[in-house]
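All remarks here apply to the structure that follows.
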Amino acid sequence: MLTLSFAGIFAKDIFGEKRLSIIYFTSGILSSIITLCFHPDNYVGLGASGAIFGMIGAIFGVSCANGFKDNKTIIFVTSGYLLLNVLFGLITNSDNVVHISGFLIGALVSWLFFIRK
Numbered sequence: 003m004l005t006l007s008f009a010g011i012f013a014k015d016i017f018g019e020k021r022l023s024i025i026y027f028t029s030g031i032l033s034s035i036i037t038l039c040f041h042p043d044n045y046v047g048l049g050a051s052g053a054i055f056g057m058i059g060a061i062f063g064v065s066c067a068n069g070f071k072d073n074k075t076i077i078f079v080t081s082g083y084l085l086l087n088v089l090f091g092l093i094t095n096s097d098n099v100v101h102i103s104g105f106l107i108g109a110l111v112s113w114l115f116f117i118r119k
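To convert, take the position in the sequence shown, counting from 1, and add 2; that gives my numbering.
Take a look at the structure:
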């Protein structure tokens, strides 16, 4: 919830409410569909981590699209957050597929928004 609060405020300033909602729900829904492809039929997923990682991926994506020079800290923090959560997920048996796919979907959607401007 803390990540949702901090990343949400930051992402809302970047994208606005409408685009952030699109990023959030698209990342959440598509990452859930992708994770179902990697797990057995009786798999049950719970939570909003795919959507939250999508938000973080969107911040990463727009920072990369704007150029690495001025956004090194943001790129380092967002990619480090993903890496630490994946490593922690290996220890705790979390669903890394939903985390990684949410991050990548968020980055892609934000990049698509960026090139349309």
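Quick reminder that beta carbons are idealized off the backbone N, C-alpha and C, glycines included. Given the structure is predicted, the values throughout are model-derived calculations rather than measurements.
Practice item. Using the Cα positions of residue 51 and residue 104, report the straight-line distance between them to the nearest angstrom. Key: Counted from its first residue, the sequence shown places residue 51 at position 49. Counted from its first residue, the sequence shown places residue 104 at position 102. Straight-line Cα distance between these residues: approximately 8 Å.
Review point. Roughly how many whole angstroms lie between the Cα atoms of residue 28 and residue 69?
Key: Counting from 1 along the sequence shown, the entry for residue 28 is found at position 26. Counting from 1 along the sequence shown, the entry for residue 69 is found at position 67. The straight-line gap from Cα to Cα measures roughly 25 Å.
Practice item. Would you check if there are 3 or more beta carbon pairs closer than 8 Å linking the region 58 to 65 to the region 96 to 115? Key: yes
Practice item. Can you say whether residue 93 is buried or exposed, counting buried as having 16 or more other CB atoms within 10 angstroms of its CB? Key: Walking along the sequence shown from the start, residue 93 turns up at place 91. It counts as exposed.
Review point. CB residue 30 to CB residue 56, shorter than 8 Å?
Key: Taking the first residue of the sequence shown as position 1, residue 30 is located at position 28. Taking the first residue of the sequence shown as position 1, residue 56 is located at position 54. Taking 8 Å as the Cβ cut-off, residue 30 and residue 56 qualify as a contacting pair.
Point to revise | Anticipated Cβ contact below 8 Å, residue 100 with residue 5, distance rounded | key: For the purposes of this step, residue 100 is taken as the residue at position 98 of the sequence shown. For the purposes of this step, residue 5 is taken as the residue at position 3 of the sequence shown. Not quite, the Cβ-Cβ distance comes to about 15 Å (not below 8 Å), so this is no contact.
Point to revise | Cα-Cα separation, residue 53 to residue 75 | key: The residue labelled residue 53 in the question sits at position 51 within the sequence shown. The residue labelled residue 75 in the question sits at position 73 within the sequence shown. Near 22 Å, if we compare the C-alpha coordinates of residue 75 and residue 53.
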